[in-house]
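In my numbering, the protein residues as written are 3 to 340.
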C-alpha cells in the first residue's frame, strides 16, 4: 500500500480558497494525511508549528512565508516542497537547498495562460486595436479611415520573441498554429538553434531581432543580468510603429526610455507588467492612447490557478510512486529562470 505522508498547505487564505476546490482537496486527501490545521499562512503560530513538526510534504503557494533555517528546523520530517505557483524565489532560502529537499514548481501550468494572453496581445497589436479603442473614446470613430491603412493587419508580420522560456516556446507554438506570420525571430543565449528551427522560428542575435520586429514580445526572467535588457539603445533599433508587449517582468524594460518612445508616438506598447508596478499616479506612460496597461493579469487567476494545484498534486503522486518530478527546481537553475 502506498505511504500517505503528512501534508500541510501553506499560502494566503484567499489563495487557498480559490486554488483548492472540492476536486483538488478530495484528491489531496486520497494521497496524504491532513491534520488540523489543514492550511495556514503563518508558520510561526503554535498550532501550525505542531503540524509542521509532523509534516513530510508542504504544498505552498502565494503568501507562503520564507522557508528559513529556523522554520525548516521545526520540520525535521520534511522531504518535499511542492509549489502550487510559478517562481519559488519568494519562499526559497539557502537553508532550503542545503536540506536537499525535493522542490518543484507549477510554472509549466502557469505558462499556459500567459502564452494565451500574449497571443491575444499580439493579435490586438497587429490590428492596432488598443490604439484605435483609445482614440474612439475621445472622438467619434471614423470607420472609413481604417480601411485605407496597410498597418492594420496580422498578415505577414515579423514577430520577435526575446527569451525562449517555457512561455516563449508556447507563444511560438501558438503563433505558428494561429497566425500567418512572415517570420518568428527568437533571441536567447541558452536556446538551441535546431530546437527553435523545429518549432518554426529562427534564432538570431538581439540587434537583428530588434531591427526587424514589428511586434516585440518579452519573456525574460527578472534577474540582475536582465534588468533593463530592453533600454534606450534597444528600443531605438525597433522599426517605427512597432509594438512592445511585456508579460514577463517590468524590470526587463527601461520604463523611462519606453515612455519617451511612446510619447513621441514612434512605438506602441501593451504592458501587463511595469517597473514600478503599479505605475505611480500621474505617470505619462499610463495616460498615453498608444499604451494599453493591464494589472498583471496574464498569469493564472481565478479557477486557472487550479491547474497549478493539479500539477502540484501530480508531483505529489509521482513522488509517492518513486517517479522523477515533472518540474524540479534546483538552486543552480534559479540563476537563469524565474
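The C-beta atom is built at its ideal place from N, Cα and C for all residues, glycine as well.
All of these numbers come straight from a predicted model, not from anything done at the bench.
Boundaries around residue 56 are those of the alpha helix (DSSP H), 48-56, since no beta strand (DSSP E) includes it. When rounded, the separation of the alpha-carbon atoms in residue 206 and residue 245 is 19 angstroms.
Where residue 124 is concerned, the enclosing alpha helix (DSSP H) starts and stops at 109-129. Rounded to whole angstroms, the gap between the alpha carbons of residue 330 and residue 279 is 29 angstroms. Taken in chain order, the unbroken stretches of alpha helix (DSSP H) that lie wholly in the stretch 152-213 and span 4 residues or more are 168-180, 195-200. Secondary structure at residue 302: coil, using DSSP grouped into helix, strand and coil.
DSSP places residue 95 outside both helix and strand once states are collapsed to three, so it counts as coil. Listed as beta-bridge partners of residue 3 by DSSP are no residues whatsoever. Where residue 37 is concerned, the enclosing beta strand (DSSP E) starts and stops at 35-42.
The stretch 207-218 and the stretch 182-192 touch, with three or more beta-carbon pairs separated by less than 8 angstroms. Going by DSSP, residue 62 is part of the beta strand (DSSP E) stretching over 59-62.
Judged by their CB atoms, residue 119 and residue 277 are not nearer to each other than the 8 angstroms cut-off. In the DSSP assignment, residue 316 falls within the alpha helix (DSSP H) that extends over 307-322. Excluding its 5 nearest sequence neighbours in each direction, residue 336 has C-beta neighbours in its own chain below 8 angstroms: 90, 91, 94, listed in chain order. When the beta-carbon positions are compared, residue 168 and residue 110 come within less than 8 angstroms of each other.
Judged by pairs of C-beta atoms under 8 angstroms, the stretch 7-22 touches the stretch 58-75, as three or more such pairs exist.
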